[in-house]
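Numbering (our numbering), first residue to last: 371 to 593.
Beta carbons are placed, not taken as given, at the ideal position from N, Cα and C, and that holds for glycine.
For clarity, every value in this text was computed on a predicted model and none was experimentally measured.
Structural data, given as structure tokens:
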């Protein structure tokens, strides 16, 4: 499962969580500590740069948060990020610089690297989205199995399975990943760097870097 290790998915220079993430081998291992991480980082942020509108909520002064958006605790909203109408940030959300959290989107227990876009009707839970990754309109992460068992990450090529030990794991998107509109990323999905998912896809398991996941489940290398 070398391809799904943190150092193969992300350039850690594009997140304030760099030091934290570097202590783990696989990204899902970082999910349990996101709340504590946000509070730790938040308490070090300069009041000259960040507003603190409620307990354990920090919003960069250059960020734009629409009045109808809900910011649950704890969360950090980075510089020049836009949180649009009716966005629902349930809490445990570390959102980087230059991000878009769009209308009617819901975030829960997530790390969004810088320049991530979840612009329209997205649900992202128990997930980590790498630098410049983008979720098309209506695409969502599913973070709990229907049988409520612990989430397993399945390697589509080797057949190897890795038990995360967690009941709630969404998706891990490598840097520059593109998720097509109305796609569903099933629990434990990992999308490699620079890979694309076709619109309306149902994805389970891993998609290697520099690949395309097509509607019928075929995975092809980018030319």
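Residue i, enclosing beta strand (DSSP E) - first and last residue
i: residue 538; result: No beta strand (DSSP E) contains residue 538, which DSSP labels as neither H nor E.
i: residue 420; result: 420 to 424
i: residue 533; result: 531 to 533
i: residue 384; result: Here residue 384 belongs to no beta strand (DSSP E), and DSSP marks it neither H nor E.
i: residue 559; result: 559 to 561
i: residue 445; result: 445 to 447
i: residue 581; result: 581 to 583
Start and end residues, alpha helix (DSSP H) containing residue i
i: residue 405; result: 404 to 412
i: residue 376; result: 376 to 379
i: residue 389; result: 388 to 391
Beta-bridge pairing of residue i - partner residues as DSSP gives them
i: residue 479; result: Answer is none; residue 479 lacks a bridge partner.
i: residue 548; result: 504, 566
Reference residue i, options the options, closest by Cα
i: residue 458; options: 441, 518, 434; result: 441
i: residue 544; options: 551, 527, 526, 577; result: 577
i: residue 552; options: 560, 568, 385; result: 568
i: residue 579; options: 548, 464, 572, 587; result: 548
i: residue 452; options: 438, 468, 425; result: 468
i: residue 502; options: 415, 565, 527; result: 565
i: residue 489; options: 550, 516, 432; result: 550
i: residue 516; options: 478, 437, 538, 427; result: 538
i: residue 401; options: 499, 574, 582; result: 499
i: residue 526; options: 581, 405, 438, 410; result: 581
Can you find at least 3 beta carbon pairs, one from the segment 556 to 573 and one from the segment 412 to 428, that sit closer than 8 Å?
-> Contact fails: fewer than three Cβ-Cβ distances are below 8 Å.
In chain order, each beta strand (DSSP E) run of at least 3 residues that lies wholly inside the segment 460 to 529 = Annotation: the segment 460 to 529 contains the following complete segments of the beta strand (DSSP E) (minimum length 3 residues), in chain order: 470 to 473, 476 to 482, 487 to 490, 493 to 499, 522 to 524.
So, do the segment 430 to 446 and the segment 454 to 468 have three or more beta carbon pairs nearer to each other than 8 Å?
-> At 8 Å Cβ cutoff, the stretches touch.
Do the segment 378 to 394 and the segment 518 to 528 make contact, defined as three or more Cβ pairs closer than 8 Å?
-> The count of Cβ pairs closer than 8 Å, one atom from the segment 378 to 394 and one from the segment 518 to 528, stays below three, leaving the stretches out of contact.
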